Each structure stands twice: as structure tokens, then as C-alpha cells.
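Asker:
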Amino acid sequence: MVESTGGSVPGRIGTPTFGVSLMLLAISSALLFFIVYAGISMNNAARNSQRDLISAALSDAVNRTLMEQKGIALWDESTRAAQGKIFNVNWFDEEVGAYFTEGYGHDQVYILDPSDRVIYGYAHGKHLDAAQFEEIRSKVGPMIAEVRSAKKRTYLERDRLFGLNQQRYSRLQGARSARWAANILSGPEGPVIVSIMTIVPTVDTSLLLPRPYLMVSVVKIDQAMMDLIGRSIKIGAIRLDPANVTDSQAVPLVSDEGEVAAMMSWTSPKPGQLLLTRILPIFAVLLIVAAFYTMMIFRRLNEAYAKLRDQEASARFMAMHDGLSQLPNRRNFIQTLRTRLSLLARENSSNRIAIAYVDVDRFKDVNDAIGHGAGDSLIIQIGPRLKDLLRPRDMLARLGGDEFAVMREIVPGEDPAKLGETIMAAFKRPFDVGNQQIEVTASVGIAVAASGEADPDRVVQDADISLYRAKDLGRNRYALFEASMAEEVRSRHEIETDLRAAIGTSQIQMYYQPVISVRTGQVTSVEALVRWKHPKKGLIEPGRFISLAEQGGLMVPLGDHILEQVFREAHRFANVDIAINLSPVQLRQRHLPDRLDQLARLFSVDPRRIVLEVTESMLIDADGATERSFEDIRKLGFRMALDDFGTGYSSLGYLHRFEFSKIKIDRSFVSSGSLERLRPIIEAIVHIGRGLRMDIVAEGVESAAELAMIQALGCTEAQGYWISRPLPLEDILAFISTPRSGGPKRQPLQVARG
Ligand code: C2E
Ligand code: CA
Ligand code: CA
-8 MVESTGGSVP
2 GRIGTPTFGV
12 SLMLLAISSA
22 LLFFIVYAGI
32 SMNNAARNSQ
42 RDLISAALSD
52 AVNRTLMEQK
62 GIALWDESTR
72 AAQGKIFNVN
82 WFDEEVGAYF
92 TEGYGHDQVY
102 ILDPSDRVIY
112 GYAHGKHLDA
122 AQFEEIRSKV
132 GPMIAEVRSA
142 KKRTYLERDR
152 LFGLNQQRYS
162 RLQGARSARW
172 AANILSGPEG
182 PVIVSIMTIV
192 PTVDTSLLLP
202 RPYLMVSVVK
212 IDQAMMDLIG
222 RSIKIGAIRL
232 DPANVTDSQA
242 VPLVSDEGEV
252 AAMMSWTSPK
262 PGQLLLTRIL
272 PIFAVLLIVA
282 AFYTMMIFRR
292 LNEAYAKLRD
302 QEASARFMAM
312 HDGLSQLPNR
322 RNFIQTLRTR
332 LSLLARENSS
342 NRIAIAYVDV
352 DRFKDVNDAI
362 GHGAGDSLII
372 QIGPRLKDLL
382 RPRDMLARLG
392 GDEFAVMREI
402 VPGEDPAKLG
412 ETIMAAFKRP
422 FDVGNQQIEV
432 TASVGIAVAA
442 SGEADPDRVV
452 QDADISLYRA
462 KDLGRNRYAL
472 FEASMAEEVR
482 SRHEIETDLR
492 AAIGTSQIQM
502 YYQPVISVRT
512 GQVTSVEALV
522 RWKHPKKGLI
532 EPGRFISLAE
542 QGGLMVPLGD
552 HILEQVFREA
562 HRFANVDIAI
572 NLSPVQLRQR
582 HLPDRLDQLA
592 RLFSVDPRRI
602 VLEVTESMLI
612 DADGATERSF
622 EDIRKLGFRM
632 ALDDFGTGYS
642 SLGYLHRFEF
652 SKIKIDRSFV
662 SSGSLERLRP
672 IIEAIVHIGR
682 GLRMDIVAEG
692 VESAAELAMI
702 QALGCTEAQG
712 YWISRPLPLE
722 DILAFISTPR
732 SGGPKRQPLQ
742 VARG
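Everything in the sequence shown is counted per my numbering, starting at -8 for the first residue and increasing by one.
(1) Could you check which residue in 98, 226, 126 has the C-alpha nearest to that of residue 43?
(2) To which residues of the same chain is residue 494 closer than 8 Å at the C-beta, ignoring the five residues directly before and after it?
(3) For residue 286, count neighbouring Cβ atoms within 10 angstroms of its own Cβ and tell me buried if that reaches 16, exposed if not.
(4) Given a cut-off of 8 Å, decide if residue 103 and residue 205 are closer than it, judged by their beta-carbon atoms.
(5) Mind the definition here: the stretch 203 to 222 touches the stretch 168 to 186 only if three or more C-beta pairs lie below 8 Å; say whether that holds.
(6) For the stretch 223 to 267, which segments carrying the beta strand (DSSP E) assignment without a break, of at least 3 residues, lie completely within its bounds, in sequence order?
(7) Whole angstroms are fine: how far does the CA of residue 696 sit from the CA of residue 744?
(8) Can you tell me which of the three DSSP states residue 606 falls into?
(9) State yes or no: is the C-beta of residue 710 nearer than 7 Å to some heavy atom of ligand 1?
(10) Where does residue 11 fall in DSSP's three states?
(11) What do you reckon, are the CB atoms on residue 569 and residue 714 nearer than 8 Å?
(12) Have a look at the DSSP bridge pairing and note the partners of residue 108.
(13) With burial defined as no fewer than 16 other Cβ atoms inside 10 Å of the residue's Cβ, what is the status of residue 2: buried or exposed?
(14) The beta strand (DSSP E) that contains residue 568, what's its start and end?
(15) Helix, strand or coil, according to DSSP, for residue 582 in the structure here?
(16) With DSSP as the reference, identify every bridge partner of residue 206, one or two as the case may be.
(17) Does the distance between the C-beta of residue 655 and the nearest non-hydrogen atom of ligand 3 fall short of 7 Å?
(18) To the nearest angstrom, how far is it from the Cα of residue 704 to the Cα of residue 393?
(19) Write down the C-beta distance between residue 91 and residue 208 rounded to the nearest angstrom, noting that I regard them as a contact closer than 8 Å.
(20) Of all the beta strand (DSSP E) runs that stay within the bounds of the stretch 501 to 573, which reach a length of 3 or more residues?
(21) Kindly give me the distance between the Cβ atoms of residue 106 and residue 86, rounded to whole angstroms, as I take these residues to be in contact under 8 Å.
(22) Any heavy atom of ligand 3 inside 7 Å of the beta-carbon of residue 690?
(23) If the criterion is Cβ atoms closer than 8 Å, does the pair residue 407 and residue 345 meet it?
(24) Starting from the Cα of residue 563, find the closest Cα among 595, 587, 534 and give me that residue.
(25) Report the rounded CA-to-CA distance for residue 146 versus residue 258, giving the unit in angstroms.
(26) Figure out for me which residue from 539, 503, 722 has the closest Cα to the Cα of residue 482.
(27) For residue 341, I'd like the list of residues in its chain whose CB is within less than 6 Å of its CB, leaving aside the five on either flank, ordered along the chain.
(28) Which residues are close to ligand 2, meaning CB closer than 6 Å to any heavy atom, in chain order?
(29) For a test of the three-state rule: what should DSSP assign to residue 118, helix, strand or coil?
(30) Determine, using beta carbons only, whether residue 747 and residue 352 come nearer to each other than 8 Å.
(31) Between the alpha carbons of residue 360 and residue 443, how many angstroms are there, rounded?
(32) How should residue 366 be labelled, buried or exposed, when 16 other C-beta atoms within 10 angstroms of its C-beta is the threshold for buried?
(33) Thinking just about the alpha-carbon of each residue, which of 502, 524, 527, 526 is nearest to the one in residue 517?
(34) Please name the residue, chosen from 253, 658, 334, that lies closest to residue 400 on a Cα-to-Cα basis.
(35) I want to know whether the stretch 647 to 658 touches the stretch 686 to 694 - three or more CB-CB distances under 8 Å.
(36) Is residue 579 near ligand 4, with its Cβ less than 7 Å from a heavy atom?
See below:
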């Protein structure tokens, strides 16, 4: 893979909404949980407070029992009765047994003597024996112990309220020594209130015993009592069930010795129910909807984000790549070059960067000839072709149009020319374009960045200059940058600027070179050749500025200036024809035939006296429009000559197709060295030309021998220094009118005549 940059895209666009959504979800869940918690808590709190009320009501019942007991137990009479020598059962039945059971609804009443023996027991109209008491003695024992001593309470202190009431005694001395204990215990048949009180005198303290008699009351906590409690604390019916009943709604009634004595159930209000049954479902639905929407929004956002990211990635790719070839573009190339150069400079590396500018030769012709689609297809194919031959670390870019560029890091001593050869190799095979195979060549300019060079501009410019040179040298080659090239470019640039200013002024002059008839030695025509009299540089030959004008877009105005000047001076030449050179650029101008016609009329020049010289290369490029131009020009009466024949394709087909009236054999054929060798070719040209009734002009005749030779070969006309160099107007006119006599240049003419 050839390197390309700008691939990965960091996530620059964040999703703050994701965090927000998560937070919202967490808050909502917490709220949901809170509602459930609050609902349940409210219900529980309500139930707990009712349970506390029940418990308090039970304590009240305990205190009430004590209050009831107190009426008899703290009394001189009962003390005497209990401590008397004779135990008066009747008295006890009336004042104790019946009094408590029938008056207050106590269930059992006992009297214990100082040694805690049961001396009296009563329940609902009958006496109880001691055995009955023994059933509960074990549980009551701790209470008795408390009453008898100042020992700390074993059971819960239920009788605080009663105790507070008892502190009021001031006159009732005996009552002050009273002691008691009251608790809720779990009896064999369920919970009971057990209340124990000393039997002490209120007034006659002489009756006080160190260990007094005790009165014990047992009150069952039954359904009736619970009904009463329920009504008094306004919570409705409290159902009392045996301890073994299991009901999730039931609350245990725990006796003071810590046993579950019974189960209580009641219908408690549920203030949290509104939250749980109404608000919770609504909220849950809202939450689900919100979560759904959040999810949707999140998904959409995610999609949008992904899309944006893709767009960004492709935008970045497009910004750094060429759409047609998918190769890195100019900007990418320059950026990478800058990065690599500064990296090498920083690392003090002895490696260097070579860059090659590649330009497809005559790409415009490919486009014109087989269409832009085919041109594009060619561009697309060139990329992989080059990549295949390049190194993995080389960078290949398309700079635009038919220009490519390659970047290669070279090690010390490595020849950058190798890169040129590699690139040339890519164009060795023809390309398949639009059902046909076309041969394409390329010109390559290579430059190497000086070590330590960090600025890409210089090396890019150098590569451009060497590319220019490669094209100048005839294309299909590579050129390595040399310092002198830069100087040359500079001076070319200078010439171009000066030439622009010179066009239309007298700096541009026409010289004329005579062409003679080989047979008569007479001047038959002159060839107009342009000269530039530069104010500082002196006389500049067309070889130095014509191609420059062509490349710099100056050929059209320059060519027009030349045409005008020649037509203006044409009347000075009485009987000789005038040849004018046409640049391909001029020939492509649509209005050239009109312009020629216009000039001929303006300066009263017979078009038949004008010969327009064109080169073969122009014919290769010629399209339909050019061919029509040719025809129009010929129809106006102008004649055409094929110039520099033999240097290009030398296709004889053109001779016929464009109806030339003259062939000018290039001077390279005539020059002494090659004449012998090329003889058969010249003979063939002459033969064909004559067949087509064309004049055959031999250019560059520099010696008598050459003249003799071309004469022998059958050329009809000759031109060259041997006859005369190109001369300014006045001199050529003098040359034409001067009868031939003496001088080295005239001599061959005499030979010719002879
Ligand atoms: P060309 O059309 O082949 O012109 C003939 C060139 O050969 C002239 O060079 C001429 O001076 C030179 N020459 C003539 N006899 C000899 C000889 O015996 N030996 C040698 N070595 N050279 C000889 P010049 O005037 O420097 O022109 C060079 C080329 O510039 C021309 O080649 C032509 O292509 C172009 N050129 C000259 N004038 C114009 C013009 O007015 N318009 C256009 N478009 N091109 C022109
Ligand atoms: Ca010529
Ligand atoms: Ca020529």
C-alpha cells in the first residue's frame, strides 16, 4: 500500500446526553424506590402507632387493676381481717372475693400469708384451692419477690402511673409502706393481668408487719377487654387469637416475661396505600415511557452521531484525496512532504526526500481523441500501475489533471534517478482505454530536498522545473534537477516578460532568407524569419523565444504581429514568393483564414504569392477544425508547405491529405555527414513529391558540395547559408536585385548555373 494520510477520525463530537440520560434514569429509579419505601413506611408507621396505642391501653388496664385493688388492700380493716387470729371467710368473701370478681370483673383473687402460702382464693362465686395458684406461681414468683424486697424489677414496669399516684399520701402513714407489682403474663389460657399488693393499714400503723400479707388479682385479657380497648382508642375491633395462630396481619401480644401470649389483629388504616396503589403505578408508567423516549432519543442521537462521524470522515478524506483516483491530493502531498521533511531535519537524519512530478504526455490529445471518459479511465489506471512499482513507503498523489507526484525517502548514496526509471517503467505497457489500447508516455521531473531542508516549497519548485526540462527535451523521459535549471527558468521567465512587452513594437523584425531554383539559380522565394532586437540582450534568435511564446500564451499576438509585418512588407518583393512560418497555436485559431484574407486585402497582396509553412507535428495534432482551416486557407489562394520534413513521422499520407504544394526537407538530412547515408530516403521523398507535383526544397545547404548533391538528387529548390543567411529587409532586397558576381556565397550559384 502506498501511504495515504487522514484515515482515522477521533470522536470529536461527544454525547453529553448519554450521561444526562443515565442520571435521569438513576434519579427516576431512586424516586420509584422512594415512593415504594414511603408508602410501605407510612403504612407501617400507622400500624406501629396503633400497636403502641393498644400496648398503652393494656398498661392502663394494668394500672386500673392496681387502682381497684388498692381500695381494699390498703385499709386497716382488711389488714386486721387478714392478720386476725380467726380467719373470717365470710368477711373475705364479701369484701374481697365477691367485691373484685363481681364489682370489677377480676377473674381470680388470692390472699397469701407472710410465708407466701395461699390462705384464701376466690373465683366467680366459688373458693379456689391452693393448687390453682400453684399453676401460676412460677411466673408470679419474681413479682412476689419484688414486692417483698426492694429488688430491681424483673419484668416491665407497667405500674408507673399507679406509682406516681401513690406518692400523694401525707396523712395515711400506713399506705406509704405499701408495695405492689403488676404485669401482663401469659397464663395457661392466654394473657392475663396479674396484680400483687401488700395488705397494709392506712391509719393504724401498729398493724404493720415486717412481712405483710399479700393480695393477688388475676384479670384475663380476653376478647371482651380487647373490644373495650378497641372502642376506647378508636381503632375498631381487635381480634384476639391464640398465640399459635399464624396470620401475616396479626401482631403478637408479648407478655412481660417475653412470651407471645396471644395474637392481635385489627384493620389498620393504610395512609401509604395512595402512594402505592395510585401514584406508584402512574409514576412507573411515566418512568417507562420516559425511559423509552430516552432510549429512542439516545438511539437517534447515536445514529446521528455515527452519520456525522461518517460524514466527517468522508469530508476529511475528500479534503485530502482526489475524487477520481482516490489518491492523496496536492494538499495532502504537500502536508506530508512538510511533515516528513521537518521530521528528517529534527532527527538530523542523513536520509533525504526525493520527489518526482509526473506529467502524462499529450494527455489533452487523449481527451480530445477518445473522450473525457476515456481520459478519466486512463487517469484511474495510472494510479495502480505506479503503485505496483513503487515501494510501500513511497507516497503517490494526484496533483490534478494529468499530473501525479511521488515522494520517496532515499538513503545516503542512493541515486534518485532510480525513481525516474521506476516511473517510466509504468508507462511501458499500453493502457486499455475505451475498447482500445493506447500508448501513453510521461515526463518526469525529479528533485531531492537538500539535507536539513524543511520547507517543501523549494523542492516542489525544483521538481516542477525539472519536469519542464524533461518536456522540453522532447517528453517521454525523466530529468533530475540541477541548479543551472533554476537559473534558466529565471531567465526564461525574464524573456517571457520582455517578449510580452516587445510584441507590437519595432523590437520584433522580419529577416528574409532567399530560396533559389536549383535549375536557374534565381531567387524564387524568400522565407520570413522573425528576429527580436532586445534593447539589452541584442539580437535574439527565434529558437530561444518561439517555443516560449507558444507555452506562455504569447504565440497568437506574436504570430499576428509577424503576419501583419510580412504582409505590410510584401509589396517590396516584386517577383518572389514569400514563405511565412505558422505555429500550431496559430493554426488552431478559428479565425486564421479570415485574418489572412483580411491582411491580403488590406495590403493588396496576392495570396498565391504567400506560402504558409507548417510542421508535421501540427498535422498529427490536427482535428477536423484544423483540417477545415487548411482547406479554407487554400481556397483563398494561399499555398502550403510542409516544413522540416523528415524530422517527425515523415508520413507521406499527410502530403496527399493536406494538399501541400511544397516539401521542405529538413536540414539535418542535408548536412554533410548524413547526406550519403540518407540518400535513399531523400530520393524516395523527391520521387513521391514530384509525383504529386510538389516543389522539393532542400534546407540548410551550407556548401557547394551539398548543393551539387541535392541537385543530383532532384530537389527543385535550395535554401541555406551557402546561398545566403537570413537578411534584414533592405539587405534581402539588395541581394535579390544584385546580379550574381564573386564572393564565396555567390559562387555556388554560378556552379548551379553551370
Ligand atoms: P525553420 O522554419 O526551419 O527555418 C529555417 C531555419 O534554418 C532558420 O533559423 C534559418 O536561419 C536556419 N538556416 C537556414 N539556412 C541554414 C544553414 O545553411 N545552416 C543552418 N545551420 N541553419 C540554416 P531561424 O531563423 O533561427 O529560425 C528557427 C526556427 O524558428 C524556424 O525554423 C522556425 O521553425 C521558427 N521561426 C522562425 N521565424 C518564425 C516565424 O516568423 N514564425 C514562426 N511561427 N516560427 C518561426
Ligand atoms: Ca520554415
Ligand atoms: Ca525548416
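A virtual CB, placed ideally from N, CA and C, is assigned to each residue, including glycine. Quantities reported herein were computed from a predicted structural model and do not represent experimental measurements.
Answerer: Let me spell this out:
(1) If we check each option's Cα against that of residue 43, 226 comes out closest.
(2) Scanning its chain for C-beta atoms nearer than 8 Å, with the 5 sequence neighbours on each side dropped, one finds around residue 494 the residues 545, 548, 549, 552, in chain order.
(3) Under a 10 Å Cβ-count criterion, residue 286 is classified as exposed, with fewer than 16 other Cβ atoms of the shown protein chains found around its own Cβ.
(4) Judged by their CB atoms, residue 205 and residue 103 are nearer to each other than the 8 Å cut-off.
(5) Yes: the two stretches touch, three or more of their Cβ pairs being nearer than 8 Å.
(6) Qualifying beta strand (DSSP E) stretches, in chain order: 229 to 233, 242 to 245, 251 to 257.
(7) The predicted position of residue 744 is uncertain, since its pLDDT is 32 and thus under 50; no value can be drawn from it.
(8) It is a strand residue.
(9) True, at least one ligand heavy atom lies under 7 Å from that Cβ.
(10) If DSSP states are grouped into helix, strand and coil, residue 11 belongs with the helices.
(11) No; because the gap between Cβ atoms is not below 8 Å, this pair is not in contact.
(12) Per DSSP, none; premise fails for residue 108.
(13) Only weak support exists for where residue 2 lies, its pLDDT of 42 falling under 50; the coordinates are left without a value.
(14) Element bounds for residue 568: 568 to 572.
(15) In this structure, DSSP gives residue 582 a state outside helix and strand, which the three-state scheme calls coil.
(16) The bridge partners DSSP lists for residue 206 are 102, 188.
(17) Yes.
(18) Residue 704 and residue 393: Cα-Cα distance of roughly 46 Å.
(19) Rounded to whole angstroms, the Cβ separation of residue 91 and residue 208 is 6 Å, and the two are in contact under 8 Å.
(20) Runs of the beta strand (DSSP E) lying entirely within the stretch 501 to 573 and spanning at least 3 residues, in chain order: 514 to 525, 529 to 531, 568 to 572.
(21) Going by Cβ atoms, the distance from residue 106 to residue 86 rounds to 23 Å, so no, they are not a contact pair.
(22) For ligand 3, at least one heavy atom lies less than 7 Å from the Cβ of residue 690.
(23) It is a contact, given that the beta carbons lie within the stated cut-off.
(24) With distances taken between Cα atoms, residue 563 lies closest to 595.
(25) Between residue 146 and residue 258, the C-alpha separation is close to 30 Å.
(26) Proximity to residue 482 across 539, 503, 722 peaks at 539, based on C-alpha coordinates.
(27) If you ignore the 5 residues before and after residue 341, its C-beta comes within less than 6 Å of the C-beta of 403, all in its own chain and listed in chain order.
(28) Contact residues of ligand 2 (beta-carbon closer than 6 Å to any heavy atom; chain order) are 518, 572, 604, 634.
(29) Of the three classes helix, strand and coil, the one that applies to residue 118 here is strand, per DSSP.
(30) No information on residue 747 is available, as it lies outside the stretch -8 to 745 that the chain covers here.
(31) Distance between the alpha carbons of residue 360 and residue 443 is about 46 Å.
(32) Buried: at least 16 other Cβ atoms inside 10 Å.
(33) With distances taken between Cα atoms, residue 517 lies closest to 502.
(34) Ranking the options by Cα distance to residue 400, first place goes to 334.
(35) With a cut-off of 8 Å, the stretch 686 to 694 and the stretch 647 to 658 count as touching, because enough Cβ pairs lie within range.
(36) Ligands displayed in this structure: ligand 1, ligand 2 and ligand 3; ligand 4 is not among them.
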